[in-house]
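Before any comments, here is the structure.
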Amino acid sequence: MVLDRIKRAFSNALGESGEDEYLEIDLESENVKGSKIIVKLFTLNQYEDVNVILNALRDGYTIAIVDFRVLKQKDPIELKRAVSKIKKTVDALEGSIAGHENLIVATPSFAKIHKELPPVKPAKSKFDDY
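So this is what it looks like as structure tokens:
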């Protein structure tokens, strides 16, 4: 009882009410795009398409899968420029990049690509048989 009186005296002196105060958070107003990871497919038809890919990677929430088959057939030199630009941006973002035949996968820093090398057969010496 005495403690309750002291508590009320201090809380009234500090301007606090006896009831708990709550802060209401509106969950509808949260930006969903900022909190989700997106795996997005891109097609490189021309060199200028690189800017769209780079902007998506710079946002930080996009893993880009790039199909460069069309540009490879049109102009291999432009393809090399485009891949080089993507690689430099991914390196600056401390991300990962991997490629295969007609695809490139580029990720920002939160995701890493595991690159498994094919097993290497040990070199056989002519002295191994003896």
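Sequence positions in the sequence shown follow the numbering used here and run -8 to 121. Every residue, glycine too, gets a C-beta built ideally from N, C-alpha and C. Computed from a predicted structure; not experimentally measured.
6 Å CB neighbourhood of residue i in its chain, flanking five on each side removed
{"i": "residue 41", "result": "73, 76"}
{"i": "residue 78", "result": "88"}
With 16 other Cβ atoms within 10 Å as the buried cut-off, status of residue i
{"i": "residue 86", "result": "buried"}
{"i": "residue 48", "result": "buried"}
{"i": "residue 95", "result": "buried"}
{"i": "residue 129", "result": "With the chain represented from -8 up to 121, any question about residue 129 goes unanswered, as that position is not in the structure."}
{"i": "residue 99", "result": "buried"}
{"i": "residue 88", "result": "buried"}
Straight-line gap, residue i to residue j (C-alpha atoms, nearest Å)
{"i": "residue 35", "j": "residue 109", "result": "29 Å"}
{"i": "residue 50", "j": "residue 97", "result": "13 Å"}
{"i": "residue 43", "j": "residue 107", "result": "29 Å"}
{"i": "residue 102", "j": "residue 29", "result": "12 Å"}
{"i": "residue 104", "j": "residue 116", "result": "36 Å"}
{"i": "residue 83", "j": "residue 111", "result": "32 Å"}
{"i": "residue 33", "j": "residue 45", "result": "11 Å"}
{"i": "residue 91", "j": "residue 65", "result": "18 Å"}
Cβ neighbours of residue i in the same chain (closer than 7 Å, five flanking residues each side left out)
{"i": "residue 38", "result": "69, 72, 73"}
{"i": "residue 62", "result": "35, 36, 37, 69, 70, 73"}
{"i": "residue 113", "result": "none"}
{"i": "residue 93", "result": "58, 59, 60, 63"}
For residue i, three-class secondary structure by DSSP
{"i": "residue 57", "result": "strand"}
{"i": "residue 95", "result": "strand"}
{"i": "residue 104", "result": "coil"}
{"i": "residue 123", "result": "Nothing about residue 123 can be reported from this structure: the residues present for the chain run from -8 to 121 only."}
Cβ neighbours of residue i in the same chain (closer than 8 Å, five flanking residues each side left out)
{"i": "residue 31", "result": "47, 53, 54, 55, 56"}
4 or more residues per run - each alpha helix (DSSP H) lying fully within the stretch 28 to 89 | 41 to 50, 60 to 65, 67 to 83
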